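*Asks:* Sharing a structure below in structure tokens format, with a few things to ask.
See below:
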């Protein structure tokens, strides 16, 4: 049997906006994580204060860019958790923007359930993994 | 690159062995009612293959019978009758005596396998006999060629041919299963035979690679990878020397790929326009079409085999549930309710959608495409999730932690206990069962 001829290489869509590498961002002690209820991505009232402080930091450090990571616990499934983490990062971003941080300074990324902070199988651990995490890099 | 060398199915009759009696021009309908009945199985004898020439230093004659026998058992259609030794070639009296003995032991069919070895080449003939007829009618005879290294694949093709003879549709033994292997933080794609043999890595980028899905031509896998930092969609050709192809790398998530049945389009989840929505990408032109417009999460798309509908998961009514829409995004209707359902996967036969229900961890459920008859498929121990249909629409692969670490399992839909596919170290997740190999 003859070897199959390769199919023509299709033209992949080329997105235009350049994305900064996530590796360029670092976590700093001044910026605290916020946490979410199971399968939720709305900001909990208690976490609004944390976000206010994070927003104030960004407003007083205009020369820094933000990367917000969204994370999920392992109890959903891979693909849904990627979407859930995205929504969590987006909720945090929207809050910062509502507090006056320029949207153009913020990049978001979802890791879904792939980068848990805690790996035990209990609610104490899962609740730590349902989070938005803030990192920065100089412009 | 994995070896996937072409096998030759020889239909013409060739030397060196003498031809079998010509098959009568009658079909095998006698067995169709047996196999169609569900639980009643056909008893088949598949003794060690007879060596026609060469030196069988690797035990290939035994391997062929053993692998094909396991495939037939796995098909759920056959019960393999225990056999020792081989039936000598070119000995009509010995063949008649052997089949009479197997028929007396309850066998309905018998496989006489003949093996010729020449160096690294093997040539195999499979002769399938109806043992319920007094003259032990020859049902089919097929020749296969390959290299010694392809012996398992030859056995799979023999088994698939036997399934074809009795059901009108080939078996699924000559297929592959792709999956994700790793601890968290470094997950690579692997491909193994459907029974777990010959597992080999497809990616080695040290990143997180997720959600592999076979293209309908069984030549490529679409998957999500963080290799460039963000969750983007790529395509890899495991059996060819071709570079990784970027399918979608928009801002936000690029995830949950699902090939259209014709292989021209890929449904996927993108969040580039604000939140996770379902899009369809024309792979050749790069044209992108948005199907969902909703403030919630829309993900996990899966095509109906007609290509006219897409089932997906949405949290638009609160928790995630399974919905169906036309491929233009119209006529959205909800299929499941209550609880938490994700990972909708439409059967290649069209009659069933499986999904993952959060319940004691996760369990697999199925529902009809009209939303009727939701039914539980797995009951533990442990979780079961990430189902992938075999091309016959009768088997599913899935991931389960029932033995501790997550491994890939395969099962029939009828409740037969699952068989384990992967057994190595690490966590094996997210199986994708390939179409039948070309």
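Protein chains in written order, with our numbering: chain F, 12 to 150; chain A, 142 to 579. Here a beta-carbon is modelled for each residue, glycine too, at the ideal position from N, C-alpha and C. The structure presented is a predicted model; accordingly, all values stated were derived computationally and were not measured.
Are the segment 103 to 119 of chain F and the segment 62 to 77 of chain F touching, with three or more C-beta to C-beta distances below 8 Å?
*Replies:* yes
*Asks:* In or out: residue 520 (chain A) buried (at least 16 other Cβ within 10 Å) or exposed?
*Replies:* Around the beta carbon of residue 520 (chain A), a 10 Å sphere encloses fewer than 16 other beta carbons of the protein chains shown; the residue is thus reported as exposed.
*Asks:* Residues in the same chain with beta-carbon distance under 8 Å from residue 148 (chain F), minus the five sequence neighbours each way, listed in chain order, please.
*Replies:* 31, 35, 36, 37, 75, 76 and 78
*Asks:* Does residue 442 (chain A) come out as helix, strand or coil in the three-state DSSP assignment?
*Replies:* Strand.
*Asks:* Going by beta carbon distance, what residues of the same chain come within less than 7 Å of residue 272 (chain A), once the five residues before and after it are set aside?
*Replies:* 240, 243, 244, 248, 249, 250 and 251
*Asks:* Would you identify the three-state DSSP class for residue 89 (chain F), choosing helix, strand or coil?
*Replies:* helix
*Asks:* Using a C-beta to C-beta distance shorter than 7 Å, which residues of chain F count as neighbours of residue 454 (chain A)?
*Replies:* Simply 91.
*Asks:* Judging by CA-CA distance, which residue of A:438, A:211 and A:295 is the nearest neighbour of residue 457 (chain A)?
*Replies:* A:438
*Asks:* Let me know the secondary structure DSSP gives residue 177 (chain A) once reduced to three states.
*Replies:* Residue confidence for residue 177 (chain A) is low, a pLDDT of 40 falling below 50, so the modelled location carries little weight and cannot support an answer.
*Asks:* Could you spell out the range, first to last residue, of the alpha helix (DSSP H) harbouring residue 65 (chain F)?
*Replies:* Residue 65 (chain F) -> alpha helix (DSSP H) spans 56 to 71.
*Asks:* Using 8 Å as the limit for Cβ to Cβ distance, is residue 86 (chain F) near chain A?
*Replies:* By this cut-off, residue 86 (chain F) is an interface position.
*Asks:* List the residues of chain F whose Cβ lies closer than 7 Å to the Cβ of residue 440 (chain A), in chain order.
*Replies:* 90, 91 and 94
*Asks:* If you count every other CB in all the chains shown that lies within 10 Å of the CB of residue 517 (chain A), and 16 or more means buried, which is it?
*Replies:* exposed
*Asks:* Any beta carbon of chain F sitting closer than 8 Å to that of residue 605 (chain A)?
*Replies:* Chain A is shown only over 142 to 579; residue 605 (chain A) falls outside these bounds and no answer can be derived.
*Asks:* Over the uninterrupted beta strand (DSSP E) stretch that includes residue 462 (chain A), give me the two end residues.
*Replies:* Residue 462 (chain A) -> beta strand (DSSP E) spans 462 to 467.
*Asks:* Any C-beta of chain B sitting closer than 8 Å to the C-beta of residue 461 (chain A)?
*Replies:* The structure shown contains no chain B; the protein chains it does contain are F and A.
*Asks:* From residue 541 (chain A) to residue 61 (chain F), what does the alpha carbon distance come to, in whole angstroms?
*Replies:* Approximately 38 Å between the Cα atoms of the pair.
*Asks:* Quick one: does residue 55 (chain F) have its CB under 8 Å from some CB of chain A?
*Replies:* no
*Asks:* I want to know whether the segment 549 to 565 of chain A touches the segment 353 to 371 of chain A - three or more CB-CB distances under 8 Å.
*Replies:* no
*Asks:* Going along chain A, which residues have a C-beta under 8 Å from residue 98 (chain F)?
*Replies:* 416, 417 and 438
*Asks:* Classify residue 39 (chain F) as buried or exposed, calling it buried when 16 or more other Cβ atoms lie within 10 Å of its own Cβ.
*Replies:* So residue 39 (chain F) ends up on the exposed side.
*Asks:* Does any residue of chain F have a CB that is nearer than 8 Å to the CB of residue 464 (chain A)?
*Replies:* no
*Asks:* Considering only the alpha carbon of each residue, which of A:288, A:285, A:269 and A:286 lies closest to residue 279 (chain A)?
*Replies:* By alpha-carbon distance to residue 279 (chain A), the top candidate from A:288, A:285, A:269 and A:286 is A:269.
*Asks:* Hey, out of A:402, A:391, A:348 and A:344, whose CA is closest to residue 376 (chain A)'s CA?
*Replies:* A:344
*Asks:* When every heavy atom of the ligand ZN is checked, does at least one fall within less than 7 Å of the C-beta of residue 148 (chain F)?
*Replies:* Looking at this structure, you won't find the ligand ZN or any other ligand, since it has none at all.
*Asks:* Within the continuous alpha helix (DSSP H) that includes residue 140 (chain F), where are the two ends?
*Replies:* 134 to 140
*Asks:* Taking the C-alpha atoms as reference points, what is the distance between residue 287 (chain A) and residue 230 (chain A)?
*Replies:* Roughly 21 Å between the two C-alpha positions.
*Asks:* Take the Cβ of residue 304 (chain A) as the centre, count every other Cβ of all protein chains shown within 10 Å, and call the residue buried at 16 or more, exposed below.
*Replies:* buried
*Asks:* Kindly say whether residue 364 (chain A), judged by its beta-carbon, lies nearer than 8 Å to any beta-carbon of chain F.
*Replies:* No, its Cβ sits nowhere closer than 8 Å to a Cβ of chain F.
*Asks:* With residue 407 (chain A) and residue 398 (chain A) assumed to form a contact (beta carbons below 8 Å), what rounded beta-carbon distance in angstroms separates them?
*Replies:* 5 Å
*Asks:* Can you check whether the C-beta of residue 503 (chain A) is within less than 8 Å of a C-beta belonging to chain F?
*Replies:* yes
*Asks:* Tell me whether the beta-carbon of residue 440 (chain A) lies closer than 8 Å to the beta-carbon of residue 100 (chain F).
*Replies:* no
*Asks:* Between F:91, F:134 and F:58, which has its C-alpha nearest residue 124 (chain F)'s C-alpha?
*Replies:* F:91
*Asks:* For residue 50 (chain F), which residues in chain A fall below 8 Å Cβ to Cβ?
*Replies:* 456, 460, 461 and 481
*Asks:* Helix, strand or coil for residue 293 (chain A), going by three-state DSSP, please let me know.
*Replies:* helix
*Asks:* Give the straight-line distance between the Cα atoms of residue 223 (chain A) and residue 341 (chain A), rounded to the nearest whole angstrom.
*Replies:* 32 Å
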